[in-house]
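When the count follows our numbering, it moves up by one through the sequence shown with no breaks and lands on 400 for the last residue. All C-beta atoms in this analysis are idealised placements derived from N, C-alpha and C, irrespective of residue type, glycine included.
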Amino acid sequence: MSCWGRVLRSSLLLARVCLRGEVLRITLLVVSLPLTLSSIYIVGSSALVHELSFVATAGLHYAPREAGCVWARVVYLNVNEVRAVPVYLVEDLNVFLSLYGCRATYARGERSGALVSAELWVPGFIAELSLNRGIFNASAVGFVECRYLKGGFIVVNASRGVGWVKLCPRHSTQLEVVSDFGESFSGAMLLLAFLSLLPFAAVSPLTLSRAVESLSRELCVLRGQGLGVDELKCSLSLSLAAVALLSSAYGVAAGVVLAHGALWALRFFGVTVFSRPLPLSSLLLPSGVYAAVLLLLVPLVVQSRVGELENTC
Numbered sequence: 088m089s090c091w092g093r094v095l096r097s098s099l100l101l102a103r104v105c106l107r108g109e110v111l112r113i114t115l116l117v118v119s120l121p122l123t124l125s126s127i128y129i130v131g132s133s134a135l136v137h138e139l140s141f142v143a144t145a146g147l148h149y150a151p152r153e154a155g156c157v158w159a160r161v162v163y164l165n166v167n168e169v170r171a172v173p174v175y176l177v178e179d180l181n182v183f184l185s186l187y188g189c190r191a192t193y194a195r196g197e198r199s200g201a202l203v204s205a206e207l208w209v210p211g212f213i214a215e216l217s218l219n220r221g222i223f224n225a226s227a228v229g230f231v232e233c234r235y236l237k238g239g240f241i242v243v244n245a246s247r248g249v250g251w252v253k254l255c256p257r258h259s260t261q262l263e264v265v266s267d268f269g270e271s272f273s274g275a276m277l278l279l280a281f282l283s284l285l286p287f288a289a290v291s292p293l294t295l296s297r298a299v300e301s302l303s304r305e306l307c308v309l310r311g312q313g314l315g316v317d318e319l320k321c322s323l324s325l326s327l328a329a330v331a332l333l334s335s336a337y338g339v340a341a342g343v344v345l346a347h348g349a350l351w352a353l354r355f356f357g358v359t360v361f362s363r364p365l366p367l368s369s370l371l372l373p374s375g376v377y378a379a380v381l382l383l384l385v386p387l388v389v390q391s392r393v394g395e396l397e398n399t400c
């Protein structure tokens with residue numbers, strides 16, 4: 088029998104032993120389990136991003152575009168010598184509040200101490216002090232809510248001067264915001280998938296060494312039948328690589344099945360879930376990298392361990 092024939096025959100024999108013994112348990116723990124976890128992360132994130140895109144496409148429209156821009160400047164004013172309150176000097180108060188998504192409701196009458204915690208007097212200007220969602224004016228008190236400004240601030244109508252900047256609305260859509268979030272979330276979940284594989288990759292040389300040691304009796308038998316050392320190393324590397332690839336495929340498949348089973352369970356209990364075919368590139372990237380690392384480690388571990396085991400035969 089030729090050299091390659093003996094190697095192939097020995098590889099098949101060792102692969103059969105691996106699939107029935109301790110090697111299979113080791114590969115299921117070190118190969119299949121982490122790939123199952125990473126596949127669940129990727130499938131789950133893909134389903135969530137698809138949900139966001141579907142909702143955004145079906146229910147969200149272009150955000151209203153406010154006409155024009157506003158000139159403004161930010162200064163700071165000491166209130167009661169305790170804290171500095173930002174003061175927005177603006178040419179047009181209504182445009183400024185519109186740009187920042189502010190809604191104000193004014194009630195004419197006496198000023199209310201429950202709505203404000205400080206008083207402001209700026210000679211020559213119409214000043215409004217907003218603290219704790221309250222607005223104080225010389226003749227108006229009310230509430231203000233802003234989507235893009237938090238905390239206490241003051242808005243003052245003033246004439247444009249040196250150091251002012253032009254504020255204009257960004258013409259974006261709510262769909263773009265959702266898409267940006269989806270891309271960021273997908274990237275974070277892909278990173279989490281890689282991080283879940285990292286601890287297992289760190290201990291994989293030790294587990295592969297343990298797998299080679301568990302095959303010591305079979306290796307001694309093959310050595311006694313006249314198989315050369317190089318042929319033995321090649322046979323063992325091929326068999327372990329085949330088992331690692333099978334375990335990788337099993338782990339990815341198990342993760343996909345479990346994730347889709349969870350999505351089906353959500354549908355069963357009345358949660359609307361829209362599924363779509365999973366892009367193979369996103370799923371195969373972490374699993375392919377992990378499998379490649381294992382395939383590189385297998386011959387290195389075999390090279391170091393077979394020489395030690397040969398002395399015990």
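Measure from the alpha carbon of residue i to the alpha carbon of each residue in the options, then state which is nearest.
| i | options | result |
| --- | --- | --- |
| residue 332 | 176, 317, 119, 346 | 119 |
| residue 101 | 325, 125, 253 | 325 |
| residue 178 | 251, 315, 310 | 251 |
| residue 98 | 375, 130, 302 | 302 |
| residue 305 | 159, 393, 129, 157 | 393 |
| residue 95 | 377, 318, 349 | 318 |
| residue 176 | 159, 185, 103 | 159 |
| residue 185 | 161, 156, 163, 354 | 156 |
| residue 128 | 353, 347, 356, 376 | 347 |
| residue 299 | 377, 354, 249, 327 | 327 |
| residue 349 | 183, 390, 131 | 131 |
| residue 106 | 334, 352, 342, 354 | 334 |
| residue 117 | 297, 390, 316, 161 | 297 |
| residue 104 | 376, 341, 323 | 323 |
| residue 391 | 316, 181, 378, 342 | 316 |
| residue 161 | 312, 249, 352 | 249 |
| residue 124 | 181, 341, 378, 163 | 341 |
Between residue i and residue j, what straight-line distance do the alpha-carbon atoms span, to the nearest angstrom?
| i | j | result |
| --- | --- | --- |
| residue 321 | residue 92 | 12 angstroms |
| residue 337 | residue 329 | 12 angstroms |
| residue 217 | residue 255 | Note that residue 217 has pLDDT 49, beneath the 50 cutoff, so the model's placement of it is unreliable and the number below is only indicative. Answer to the nearest angstrom: the Cα atoms are 23 angstroms apart. |
| residue 385 | residue 126 | 23 angstroms |
| residue 373 | residue 382 | 14 angstroms |
| residue 174 | residue 339 | 57 angstroms |
| residue 287 | residue 380 | 11 angstroms |
| residue 295 | residue 388 | 7 angstroms |
| residue 109 | residue 133 | 35 angstroms |
| residue 371 | residue 345 | 17 angstroms |
| residue 282 | residue 246 | 55 angstroms |
| residue 310 | residue 290 | 29 angstroms |
| residue 284 | residue 122 | 7 angstroms |
| residue 292 | residue 357 | 46 angstroms |
| residue 274 | residue 355 | 29 angstroms |
| residue 151 | residue 253 | In this prediction, residue 151 scores a pLDDT of 46, lower than 50, which makes its location untrustworthy; the coordinate-derived value is nonetheless stated afterwards. Roughly 20 angstroms between the two C-alpha positions. |
| residue 375 | residue 308 | 34 angstroms |
| residue 378 | residue 312 | 32 angstroms |
| residue 314 | residue 343 | 41 angstroms |
| residue 353 | residue 180 | 48 angstroms |
| residue 351 | residue 183 | 48 angstroms |
Could you pull the start and end residues of the beta strand (DSSP E) that residue i belongs to?
| i | result |
| --- | --- |
| residue 252 | 252 to 254 |
Grouping DSSP H, G and I as helix and E and B as strand, with all else coil, what is residue i?
| i | result |
| --- | --- |
| residue 290 | helix |
| residue 299 | helix |
| residue 489 | Here the chain has residues from 88 to 400 only, and residue 489 is not among them. |
| residue 393 | helix |
| residue 249 | coil |
| residue 384 | helix |
| residue 212 | Per-residue confidence for residue 212 stands at a pLDDT of 45, beneath the threshold of 50, marking its modelled position as unreliable; the derived number appears in the next sentence. Residue 212 falls in the coil class under three-state DSSP. |
| residue 93 | helix |
| residue 219 | Any reading at residue 219 must be qualified, since the residue scores a pLDDT of 43, below 50, and its modelled position is unreliable; the value itself is stated next. Residue state, collapsed to three classes: coil. |
Alpha helix (DSSP H) containing residue i: first to last residue?
| i | result |
| --- | --- |
| residue 321 | 316 to 355 |
Quick one: is the Cβ of residue i within less than 6 angstroms of any heavy atom of the ligand ZN?
| i | result |
| --- | --- |
| residue 106 | Annotation note on the ligand ZN: not contained in the displayed structure, which lists no ligands. |
Would you verify that the beta carbon of residue i is, or is not, closer than 7 angstroms to some beta carbon of chain D?
| i | result |
| --- | --- |
| residue 321 | As a matter of chain content, chain D is missing from the structure shown, which is built from one protein chain. |
Check: For the 8 angstroms Cβ check, are there 3 or more pairs between the stretch 103 to 118 and the stretch 277 to 285?
Finding: no
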